[in-house]
Amino acid sequence: MLLTITYEGTNTQELGFLLHKNPERAQQFELSYGKAYVFYPEVSDTRTTAALLLDIDPLDLARGKAGSKDGGLFDYVNDRPYASTSFMSTALVRIFGTAMNGRCDQRQELADTPLHLTATISALKDNGDTALAKELFEPLGYTVQTTRTQLDTAFPEWGISPYIDLTISGNVKLSDLLNHIYVLIPVFDKQKHYYIAEDEIQKLLDHGAGWLADHPYREKITRRYFTAKKSYARKALDILLSDEIADEDSLDETETTEREIRTPLNTQRMETVRNAVLASGASTVIDLGCGECRLTSLLLNEPQIKKVTACDVSVSVLEKAAQRLHLDRMQPYRKNKLTLMQASLTYRDNRFSGYDCACVIEVIEHIEPMRIPAFERAVFAFAAPATVILTTPNREYNANYEHMQENALRHGDHRFEWTRAEFRAWTEHVCETFGYTCAISGIGDVDEKYGTPTQMAVFCKAG
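Each residue of the sequence shown is one higher than the one before, counting from 38 in my numbering.
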């Protein structure tokens, strides 16, 4: 199973910075279903190619996980070791997660710039649907080429292979290319190697942000992405086809439908943080590491909130946020409150000052541990708002996720995840160092042994 990405232009060796993988050495990664290798078969000033190769053991897939009484998901004879499937998508998140998020501290301007990129994906199963590849990729601006061969030239009566080698090329940001591939590879195969849970809806929305809602084949993509989970496909399409985020955010919270029995964790998190902001009495808020501005969107609807600044290190993330917010047709009373700002959370920035409340939602775990002290100074010493609201995953709760390996993290870009004790110790350090008091609470379903999936700290400036 092979994916190659080629960058053509000037100083193309900087592809290594964008992917966070050194072109001068091959790297090996252990995955739950095999091994992955990243290497560079071609490196020059004008053309550099990175390759991601997956080595999957078909016997392990057939037998299932060690210690499990159940069998695997596939027969002993299967195409999973070489066909590009959801295995490749999950490997992308695991190995290129930071690049998919559009982050590159050393070359952020390059990460935010469309580049001449070509990707080749081997052995995509389209079952003879010759139009599928062009339907999926051409609307995104790619030139599409496919190659199909006979199953075996020695036995022409066997016919043509149901697999294609796909090459797409265009001027595109690397993060967009990776997210397009992540979403669309499973659309070809329609068979995932893991149980599809409801959190898969959010994954599709996150990786499809800024492009899927406008894709002419969005219904086809969404249905095939979820395979047999028709209810999940309907939910995702309902969100994608919504004209105004305000409509989604202002739904009566007491309403439930047959398709909405449990509130997704991310929704619980955003609503809890919004309520904490309002309880603090804040009228001006800065959303640090705003991502797609889900929290910002909620706050813009609140009469108490007079000003919201949404800040992120990535320009491309802010562009996607503007699209998601429908900034070009936002109601004036909301638009006049809003400012989008590019900045890093680990550097002192005078623009962070002057706000009643700072929100840092599911952000700190993406910061390198060695940079946490710089983050602390930027937020608690220099910006020093009256209230800081911060959320982060509770690592102990990961034991409840059956698909996760022991000691794994919830996201490929997480640098760490704290236990409850570690989080409490960090908050106590912040309070002692910078003159705050803190209240800790949980968000999400409560497990008697492991607590809640998300932990939240509300810091208040002492005195």
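The beta carbon of each residue, even a glycine, is placed where N, CA and C say it ideally should be.
Is the Cβ-Cβ distance between T464 and A494 less than 9 Å?
In contact: T464 and A494 (Cβ atoms closer than 9 Å).
Count the CB pairs spanning the region 454–474 and the region 334–348 that are closer than 8 Å, and state whether there are at least three.
Flag = no, the region 454–474 and the region 334–348 do not touch.
Is the region 241–258 touching the region 345–365, taking contact as three or more C-beta pairs under 8 Å?
Verdict: yes, contact present.
Just the C-alpha distance for L214 and V400, rounded to the nearest angstrom, thanks.
The straight-line gap from Cα to Cα measures roughly 23 Å.
State the Cα-Cα distance for the pair Y434 and Q360, rounded to the nearest angstrom.
Spanning the two alpha carbons is a distance of roughly 33 Å.
Pull up the distance between the alpha-carbon of D163 and that of I201, whole angstroms please.
One C-alpha to the other measures close to 7 Å.
Residue range of the beta strand (DSSP E) that S381 falls in?
No beta strand (DSSP E) holds S381; DSSP gives it neither H nor E.
Start and end of the beta strand (DSSP E) containing G207?
Unbroken beta strand (DSSP E) run through G207: Y200 to V209.
Considering only their Cβ atoms, is the gap separating T41 from L91 smaller than 9 Å?
No, these two residues do not count as a Cβ contact at 9 Å.
Do A358 and E329 have their CB atoms nearer than 9 Å?
Yes, the Cβ-Cβ distance between A358 and E329 is below 9 Å.
In this structure, does DSSP put I404 in helix, strand or coil?
I404 falls in the coil class under three-state DSSP.
Using the Cα positions of R296 and S268, report the straight-line distance between them to the nearest angstrom.
Residue confidence for R296 is low, a pLDDT of 32 falling below 50, so the modelled location carries little weight and cannot support an answer.
Between which two residues does the alpha helix (DSSP H) harbouring P410 extend?
Residues I409 to E413.
When you compare only the Cα positions, how much space is there between V181 and K171?
So the two alpha carbons sit approximately 6 Å from each other.
Based on the DSSP output, what are the partners of T162 in its beta bridges?
Inspection of the sequence shows that residue 162 is occupied by Lys rather than by Thr. Beta-bridge pairing links K162 to Y200.
By the three-class DSSP mapping on this structure, what secondary structure does F453 have?
Of the three classes helix, strand and coil, the one that applies to F453 here is coil, per DSSP.
Below 6 Å CB to CB, which residues in the same chain sit around H153 once its five sequence neighbours on both sides are set aside?
Cβ neighbours of H153 beyond the five flanking positions: E45, G46 and N208.
When we look at the beta-carbon of H466 and count the other beta-carbons within 10 Å, is it buried (16 or more) or exposed?
Exposed, by the Cβ-count rule.
From what residue to what residue does the alpha helix (DSSP H) around T83 run?
No alpha helix (DSSP H) holds T83; DSSP gives it neither H nor E.
Taking G7 as the reference, which of T135, G196 and T190 has the closest Cα?
Past the edges of the chain, shown from 38 to 500, lies residue 7, and the structure says nothing about it.
How about R447 and E405: do their beta carbons lie closer than 9 Å?
Not in contact: R447 and E405 (Cβ atoms no closer than 9 Å).
For a test of the three-state rule: what should DSSP assign to D284, helix, strand or coil?
Confidence in D284 is poor, its pLDDT being 36 and thus under 50, which makes the residue's placement unreliable; the coordinate value appears in the next sentence. D284 falls in the helix class under three-state DSSP.
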